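Enquirer: So that we are looking at the same thing, I have put the structure below in structure tokens.
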Amino acid sequence: MASNKLTVSDFDFDSVKANLKTFLQGQSEFQDYDFEGSGFAILLDTLAYNTHYLGFNANMLANEMYLDSADIRKNIVSLAKMLGYTPTSCRAPNAVLSIKLNDVPSTTTSIVMDKGTVFTTSINGQSYQFVTNQSHTTQPIAGVYQFDNVNVFEGTLVTFKYTVNSSDVDQKFIIPATNADTSTLKVTVQTSASDTSTEVYSLVNSFTGLDDTSKSYFIQEGDEDKFEVYFGDGVLGKKPVDGNIIILEYIVTNKTEANGASTFSLSGDIDGFSNVSITTTSNAANGTEKQTKESIRFNAPLQYARQNRAVTTTDYETLVKELYPNTQSVSAWGGEDDETPVYGAIKIAIKAASGSTLTNTTKQSLITQLKKFNVASVRPEIVDPETTTILLTSNVKFNENSTTKTADTLKSNIIDVLTNYNNNTLNQFEGIFRYSKVTGLIDDTDESILSNITTLRMRKTLTPQLNTSARYNIYFRNGIYNPHSGHNMAGGGIISTSGFKISGDADDRIYYLDDDGQGNIRRYYLTGSTRNYENNNQGTVNYATGEIVVSSLSISSLENIKGASTSVLEITTQPESNDIIPVRDQILNIDIANSTITVETDTFVGGSADAGVGYTTTSSY
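Put into structure tokens, the structure is as follows:
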């Protein structure tokens, strides 16, 4: 009996073609027809391809309707807009300068640094220009003419103008440059070509509190990755009228290229004076690429959940990423959760994607912006990340008969694997060091590697106040190995430090710290290899929490570490667990350069004559 129904299953070409053939073969007219051996096969191919394309397009269309599955940036941006989210543009690197003017006549009452004043710098032989995006005025102080804390941005200051024409229903106020930094955007509305009076408009991201007189503008990402400015409708926000001139002023930047610039020179003059001395208060930082599709997908729902206020720690983490696009990782927590509780504060640690720690200027700017979203009397505080370093000692055995690689080559490969783990898993607040993962990565480096015995230690640093009796708190925030009271008391416990000298020591000795296994920190000096203890109560250690307190220690100088001068004291210990977890502002990092990795041939599987007699293993302790 002929089938009058076509089976619909998958939309791939082969399945569609097979279904068409089955259908036709079920018809009495084609029961004995050879589809593959005739020109009819071409028609079947055409029908199958057409169906496949239609199914593919329908599937893609469905995917592009949802934020989680959309792939085209324009669609992702549009879906994010429905949640009230605007992607961030690229950001220009900015530096903070102090400029002193020399040879200025004493009769000069004030000096003006114009907006757009250019400074130049060079990185790796490439020149870049930095500009001011606002004017500055200074008066002499004790005869000195100086501009302090001047923000300069890498790139070119650009001005673009539109004339409002209400008859053009499709008129858009587009920022034409794809590398425009919208955080530097200033929007001004001039009355007309003949009337040069202007009004400055402010960026808003919600309609709350707006009326028909509010001088506000909005911004969105439009076609071709360009941003658009738009205004209120005359009810929620003031609406520009025919003849108004929209003036867009912004900086076009090279994004990340000038990050790190530290030396600047003036191009041209300042109010007629060109003899200047420039001091860099903060090196150039914060230059970033525009927000990625993945970042938009992640952050848009979080902002929607936040509802334009900051209550939870997640709210603050989301806000920081919006306000400071150079954020690589952020951690927020209530001040009451600190070792020393601070009530009424929300603490925020930020790891920048480029540059080092945030400058005081950047921190204060962020705090000012965050306060707009605070509830009640919560005080945001921004702190620097604390790094806990992990030192590995790994003995690796390999079968030399199953590889052409040398031990040195395998060691280099292992270092590459650990470096990748460092960069991609650690070096962020949520980056947990998982011991089994690391040892597995070492084993999987090469098929010839048979095993590894890997141990680890933790290290932190502190910067002492020289020649000042001070108390120091060191927080590992992970348990310290202490299997029983008095563990290794005679051998110096489980804690060690680099060397230092103390104020007022007539003998000018080099001192160190260790512990007695009973919770006490001891200070000692060496005579040969013998430890001479001068203070058995220099502080305390809590083995369960990993907190070390050093009391009343006046350090006069620090000994070199690994042959180099230093400004820090190193404290090293063994963790209770081989899995190490970062807490709050803590970031973990493997110090690969100072870890010990030994790769050696496994004589047992290698067939050495004495393998069964002289085979040695490596202790796990």
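Take any residue in the sequence shown, count from 1 to its spot, add 680: that is its number in the working numbering. C-beta: ideal position from N, C-alpha, C; glycine also. None of these values were measured; they are calculated from a predicted model.
1. From the DSSP output, in three-state form, read off V786 for me.
2. According to DSSP, is M681 helix, strand or coil?
3. Consult DSSP for Y729 and reduce its assignment to one of helix, strand or coil.
4. Taking Q983 and L763 to be in contact with their CB atoms under 8 Å, please state how far apart those CB atoms are, rounded to whole angstroms.
5. State yes or no: is the C-beta of V811 nearer than 7 Å to some heavy atom of the ligand NAP?
6. What residues match up with G1015 in a beta bridge as DSSP calls it?
7. DSSP state of T862, grouped into three classes?
8. Closest to G912 by CA distance: which of N782, N885, I925 is it?
9. Nearest to F1284 by CA position, among R1157, N1158, N1081, is which residue?
10. Near A1025, what residues of its chain come up, given a Cβ to Cβ distance below 6 Å and the 5 sequence neighbours on each side ignored?
11. Are the beta-carbon atoms belonging to T1278 and V1076 less than 8 Å from one another?
12. What residue ranges within the region 1081-1158 form continuous alpha helix (DSSP H) runs of no fewer than 4 residues, ordered along the chain?
13. So, for S815: in the same chain, excluding its five sequence neighbours on each side, which residues have a beta-carbon less than 7 Å away from its beta-carbon?
14. According to the Cβ coordinates, are F898 and L916 closer than 8 Å?
15. Taking buried to mean at least 16 other C-beta atoms within 10 Å of its own C-beta, is M681 buried or exposed?
16. Quick check: the Cα distance between G1166 and G1173, rounded to an integer number of angstroms?
17. How would you write the range of the beta strand (DSSP E) that I899 sits in, first residue to last?
18. What span of residues does the beta strand (DSSP E) with V1321 cover, start to end?
19. If the criterion is Cβ atoms closer than 8 Å, does the pair N1255 and N1168 meet it?
20. If I measure Cβ to Cβ from K1043 and keep anything under 7 Å in the same chain, skipping five residues before and after, which residues do I get?
21. Just how far apart, CA to CA, sit N804 and S962?
22. Out of G940, N1040, T871, point me to the one whose CA is closest to D1064's CA.
23. Hey, could you find the ends of the beta strand (DSSP E) V932 is sitting in?
24. Let's see if you can read the secondary structure: which residues bound the alpha helix (DSSP H) around Q1044?
25. With distances taken Cα to Cα, identify the nearest neighbour of S1057 among S1045, N1079, I1028, Y1023.
26. Considering only their Cβ atoms, is the gap separating E908 from G902 smaller than 8 Å?
27. When the Cα atoms are used, what is the spatial distance from Y733 to T858?
28. Hey, how far is the Cα of V869 from the Cα of T936?
29. Tell me the residue span of the beta strand (DSSP E) that contains N1217.
30. Keeping to the same chain, check which residues put their C-beta closer than 8 Å to that of V830; ignore five residues upstream and five downstream.
31. Assign V1221 to buried or exposed, taking buried as 16 or more other Cβ atoms, counted over all protein chains shown, within 10 Å of its Cβ.
32. Is K761 helix, strand or coil when you go by DSSP?
33. Contact check, V1247 vs T1083 under 8 Å by CB: the rounded distance?
34. Can you tell me whether T1303 is buried or exposed? The criterion is at least 16 other CB atoms within 10 Å of its CB, across all chains shown.
35. How would you call A1224, buried or exposed, if buried means at least 16 neighbouring beta carbons within 10 angstroms?
Expert: A quick look at the data gives this:
1. Taking the sequence shown and counting its residues from 1, the one referred to as residue 786 is at position 106. A small correction: the amino acid at residue 786 is Ser; Val does not occupy that position in the sequence shown. Coil, per DSSP.
2. Counted from its first residue, the sequence shown places residue 681 at position 1. With a pLDDT of 45 at M681, under the threshold of 50, the modelled position of that residue is not reliable, and the figure given next carries that caveat. In this structure, M681 counts as coil in the three-state DSSP scheme.
3. Counting from one through the sequence shown, the residue named residue 729 turns up at place 49. It is helical.
4. Residue mapping note: residue 983 aligns to position 303 of the sequence shown, counting from 1. Residue mapping note: residue 763 aligns to position 83 of the sequence shown, counting from 1. Indeed they touch by this definition, with Cβ atoms about 7 Å apart.
5. The model on display carries no ligand, and the ligand NAP is accordingly not part of it.
6. The residue given as residue 1015 occupies position 335 in the sequence shown. DSSP output for G1015 lists no bridge partner at all.
7. As a working note, residue 862 is residue 182 in the sequence shown. The answer is strand: DSSP assigns T862 an E or B state.
8. Numbered from its first residue, the sequence shown carries residue 912 at position 232. When only C-alpha atoms are compared, the closest one is N885.
9. Within the sequence shown, numbered from 1, the residue matching residue 1284 stands at position 604. The option with the nearest alpha carbon to F1284 is N1081.
10. Taking the first residue of the sequence shown as 1, we reach residue 1025 at position 345. G1015, R1059, E1061, listed in sequence order.
11. On the sequence shown, position 598 is the one that residue 1278 refers to. On the sequence shown, position 396 is the one that residue 1076 refers to. The answer is yes: Cβ separation under 8 Å.
12. 1087-1104, 1115-1123
13. In the sequence shown, the residue the question calls residue 815 occupies position 135. Contacts found: V792, M793, D794, K795.
14. Counting from 1 along the sequence shown, the entry for residue 898 is found at position 218. Counting from 1 along the sequence shown, the entry for residue 916 is found at position 236. Taking 8 Å as the Cβ cut-off, F898 and L916 do not qualify as a contacting pair.
15. Here the question's residue 681 lines up with position 1 in the sequence shown. The predicted position of M681 is uncertain, since its pLDDT is 45 and thus under 50; no value can be drawn from it.
16. Sequence index remark: in the sequence shown, residue 1166 carries index 486 (1-based). Sequence index remark: in the sequence shown, residue 1173 carries index 493 (1-based). When rounded, the distance between both Cα atoms is 8 Å.
17. Numbered from 1 along the sequence shown, position 219 holds the residue referred to as residue 899. Looking at the DSSP string, the run of the beta strand (DSSP E) that includes I899 is 896-901.
18. Not covered by the structure: residue 1321. The range shown for the chain is 681 to 1301.
19. Sequence index remark: in the sequence shown, residue 1255 carries index 575 (1-based). Sequence index remark: in the sequence shown, residue 1168 carries index 488 (1-based). It is Pro, not Asn, that sits at residue 1255 in the sequence shown. Against a cut-off of 8 Å, the Cβ pair of N1168 and P1255 comes out as no contact.
20. Taking the sequence shown and counting its residues from 1, one reaches residue 1043 at position 363. Within the same chain, K1043 has close Cβ partners I1062.
21. Stepping through the sequence shown from its first residue, residue 804 is reached at position 124. Stepping through the sequence shown from its first residue, residue 962 is reached at position 282. Those two C-alpha atoms are separated by around 19 Å.
22. As a first step, residue 1064 must be located in the sequence shown, where it is residue number 384. Nearest option by C-alpha distance: N1040.
23. Taking the first residue of the sequence shown as 1, we reach residue 932 at position 252. Taken as a continuous stretch (DSSP letters only), the beta strand (DSSP E) holding V932 covers 925-932.
24. Your numbering for residue 1044 matches position 364 in the sequence shown. Element bounds for Q1044: 1040-1050.
25. Your numbering for residue 1057 matches position 377 in the sequence shown. Answer by Cα proximity: Y1023.
26. Residue 902 sits at position 222 when you count from the first residue of the sequence shown. Residue 908 sits at position 228 when you count from the first residue of the sequence shown. Against a cut-off of 8 Å, the Cβ pair of E908 and G902 comes out as a contact.
27. Taking the first residue of the sequence shown as 1, we reach residue 733 at position 53. Taking the first residue of the sequence shown as 1, we reach residue 858 at position 178. About 33 Å.
28. Position 189 of the sequence shown, counting from 1, holds the residue named residue 869. Position 256 of the sequence shown, counting from 1, holds the residue named residue 936. Going by the C-alpha atoms only, they are around 31 Å apart.
29. Walking along the sequence shown from the start, residue 1217 turns up at place 537. Looking at the DSSP string, the run of the beta strand (DSSP E) that includes N1217 is 1210-1222.
30. Numbered from 1 along the sequence shown, position 150 holds the residue referred to as residue 830. Closer than 8 Å at Cβ, skipping near neighbours: V776, L777, S778, I779, M793, T812, H816.
31. On the sequence shown, residue 1221 is found 541 positions in, with the first residue counted as 1. So V1221 ends up on the buried side.
32. Counted from its first residue, the sequence shown places residue 761 at position 81. DSSP places K761 in helix when its eight states are reduced to three.
33. Residue mapping note: residue 1247 aligns to position 567 of the sequence shown, counting from 1. Residue mapping note: residue 1083 aligns to position 403 of the sequence shown, counting from 1. Note that residue 1247 is Ser in the sequence shown here, rather than Val. The pair is not a contact, with the Cβ atoms about 44 Å apart (cut-off 8 Å).
34. There is no way to answer for residue 1303, as the model of the chain reaches only from 681 to 1301.
35. Taking the sequence shown and counting its residues from 1, the one referred to as residue 1224 is at position 544. By the 10 Å Cβ count, A1224 comes out exposed.
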